[in-house]
Amino acid sequence: DIQMTQSPSTLSASVGDRVTITCRASQSINVALAWYQQKPGKAPKVLIYKASRLESGVPSRFSGSGSGTEFTLTISSLQPDDSATYYCQQYQHYWAFGQGTKVEIK
Amino acid sequence: QVQLQESGPGLLKPSGTLSLTCDVSANYISNDNWWTWVRQRPGKGLEWIGEISHNWGASYDPSLRNRVTMSLDKSNNEFSLKLISVTAADTAVYYCAGRPGDAPRWGQGILVTVSS
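Listed in order, the protein sequences are those of chains B and H.
For what it's worth, the numbering used here labels the leading residue of the first sequence as 271, then goes sequentially.
For what it's worth, the numbering used here labels the leading residue of the second sequence as 534, then goes sequentially.
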């Protein structure tokens, strides 16, 4: 089975900072990767799919890149509303999720 | 855009059977699409339970394989999850999801609590 390793597990940054979260797959998944934002008590919200495609309605400060086994989610200018937990997910072979990254605002 | 909605009992007793249904908006449950169940235990991450397709059958996470069954009712645009012999460790929010197009789509989730 494909394992997803996400880092860091938590990060604290200031409003306006550029933030990067990394996700690594245990084998190549091409671009079959999505990024989610989850706030307490809510379902995960798709931000990015196919590694780099921005979901409709998601602010353009979110972007995704990568292919094969290495992927990144970047928030170009962190906003207060971005405080949440972020997950990567592969859907190349079944589904598997990273452990999550909790983003806090300083 | 496809919409998904979970339904089922929110409270179960230990050793009981969890049964959930996911209604999928019309015409999306086609022969080739895969439909998925994911759960999230309190304070924890997302766990894939398994998936089902009309054409290809079902696949389950190895840790749950001996307790889980999924089914699909194409005529009613729904798919279901059954988990037997539940314990408190099965308390979680259960999500149905799928990827009929390029992007994954999720239901809003349903909290299932296992307690005596």
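Positions of the beta carbon are idealized from the N, C-alpha and C atoms, including for glycine.
C-alpha gap between residue i and residue j, whole angstroms
i	j	result
H/Asp594	B/Ser279	24 Å
H/Gly576	H/Asp623	13 Å
H/Trp618	B/Arg288	Inspection of the sequence shows that residue 618 of chain H is occupied by Ser rather than by Trp. Roughly 47 Å between the two C-alpha positions.
B/Gly378	B/Ser322	This structure does not reach residue 378 of chain B, given that chain B is present from 271 up to 376, and the question cannot be answered.
H/Asp556	H/Ser604	12 Å
B/Gly338	H/Gly543	40 Å
B/Cys358	B/Asn300	14 Å
H/Glu611	B/Glu374	38 Å
B/Trp365	H/Trp581	6 Å
H/Gln538	H/Ile562	13 Å
H/Ala636	H/Arg598	27 Å
Enclosing beta strand (DSSP E) for residue i [first to last residue]
i	result
H/Arg572	567-573
H/Gly590	590-593
H/Arg600	Counting along the chain, H/Arg600 falls outside any beta strand (DSSP E), and DSSP gives it neither H nor E.
H/Ile585	579-586
B/Arg294	289-295
B/Ser282	280-283
B/Thr344	340-345
H/Lys615	611-616
B/Gly334	332-337
H/Gly631	625-631
B/Trp305	303-308
B/Tyr356	354-360
H/Val647	643-647
When the options are compared against residue i, the one with the closest alpha-carbon
i	options	result
B/Leu281	B/Lys315, B/Gln360, B/Tyr364, B/Tyr356	B/Tyr356
B/Lys376	B/Gln362, B/Gln349, B/Phe367	B/Gln349
B/Gly370	B/Val285, B/Ser330, B/Asn300, B/Ile291	B/Ile291
B/Leu250	B/Ile272, B/Asp271, B/Tyr361, B/Arg294	Outside the shown range of chain B, which is 271 to 376, sits residue 250 of chain B, and nothing can be said about it.
B/Pro329	B/Asp351, B/Asp271, B/Leu303, B/Gln297	B/Asp351
H/Leu614	H/Ser608, H/Tyr628, H/Arg632	H/Tyr628
H/Thr620	H/Arg638, H/Ser649, H/Asp635	H/Ser649
B/Pro314	H/Leu545, H/Trp589, H/Asn588, H/Gly640	H/Gly640
B/Lys372	H/Trp570, H/Val626, H/Gly578, H/Leu644	H/Gly578
B/Gly286	B/Gln362, B/Gly368, B/Ile345	B/Ile345
B/Leu317	B/Gly311, B/Lys309, B/Gly327	B/Gly327
Under 7 Å from the C-beta of residue i: neighbouring residues of chain H
i	result
B/Gln369	Gly578
Residues that residue i contacts on chain H, provided the C-beta gap is smaller than 9 Å
i	result
B/Arg294	Result: empty, since nearest Cβ-Cβ is about 16 Å, beyond 9 Å.
B/Ala321	Per Cβ cutoff of 9 Å: no residues; B/Ala321 is ~11 Å from chain H at best.
B/Val316	Ala636, Pro637, Arg638, Trp639
B/Glu340	Within chain H, no residue comes near B/Glu340; the closest Cβ sits about 20 Å away, beyond 9 Å.
B/Glu325	Ala636
Amino acids of chain B, ordered along the chain, whose beta-carbon sits closer than 8 Å to that of residue i
i	result
H/Gly642	Ala313
H/Val569	The sequence given here places Thr at residue 569 of chain H; Val does not occur at that position. Residues of chain B passing the Cβ test: Trp365.
Within-9 Å CB hit, residue i to chain C
i	result
H/Gly590	Checking the listed chains, one finds no chain C in this structure; the protein chains it contains are B and H.
Query - Members of the stretch 348-367 of chain B near chain H, C-beta cut-off 8 Å - result: Of all residues in the stretch 348-367 of chain B, Tyr357, Gln359, Tyr361, Tyr364, Trp365, Ala366, Phe367 have a Cβ within less than 8 Å of some Cβ in chain H.
**Report entry** Contact residues within the stretch 277-293 of chain B, judged by C-beta distance below 7 Å to chain H
**Finding:** Taking 7 Å as the Cβ-Cβ cut-off against chain H, none of the residues of the stretch 277-293 of chain B qualify.
Requested in this report: Compile a chain-ordered list of the residues in the stretch 581-613 of chain H whose CB is closer than 9 Å to at least one CB of chain B.
Outcome: Trp581, Gly583, Glu584, Ser592, Asp594, Pro595
**Report entry** Residues within the stretch 614-634 of chain H neighbouring chain B, beta-carbon criterion of under 7 Å
**Finding:** Tyr628, Arg632
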